[in-house]
């Protein structure tokens, strides 16, 4: 679950509740996306794009993103 206030997305603004996080890698860039649990639509996390020269760092980026987005105490 995201922390208080939810997660800001480019497409629909703030989303809250039970979310799934997906970390994508393409053309040297990571993009973070979230979706409501069991929904079809994915939303891009605002500020959730960063250059990554090698896909081998993807797991580390995902781990940091989970830590930042899952903050139950704020």
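Residue numbers (the numbering used here): 523 to 596. All C-beta atoms, glycine included, are put in the ideal place defined by N, C-alpha and C.
C-alpha gap between residue 574 and residue 568, whole angstroms: Position 52 of the chain shown, counted from the start, is the residue given in the question as residue 574. Position 46 of the chain shown, counted from the start, is the residue given in the question as residue 568. Approximately 17 Å, taken between the alpha carbons.
Nonlocal neighbours in the same chain, by C-beta distance under 7 Å from residue 542, ignoring five residues either side: In the chain shown, residue 542 corresponds to position 20, counting from 1. Correct list, in chain order: 556, 557, 559.
Cβ neighbours of residue 531 in the same chain (closer than 8 Å, five flanking residues each side left out): Translated into positions along the chain shown, residue 531 becomes position 9. 537, 556, 565, 566, 567, 568.
The ligand NAD heavy atom lying under 7 Å from the CB of residue 587: Summarising the ligand content, the structure contains no ligands, and the ligand NAD is consequently not present.
For residue 580 and residue 552, believed in contact at Cβ under 8 Å, the rounded distance: Sequence index remark: in the chain shown, residue 552 carries index 30 (1-based). Sequence index remark: in the chain shown, residue 580 carries index 58 (1-based). Correct: roughly 7 Å between the Cβ atoms.
When 563, 533, 562, 547 are compared against residue 583, the one with the closest alpha-carbon: In the chain shown, the residue the question calls residue 583 occupies position 61. When only C-alpha atoms are compared, the closest one is 547.
Where the alpha helix (DSSP H) through residue 585 begins and ends: As a working note, residue 585 is residue 63 in the chain shown. Its alpha helix (DSSP H) spans residues 580 to 591.
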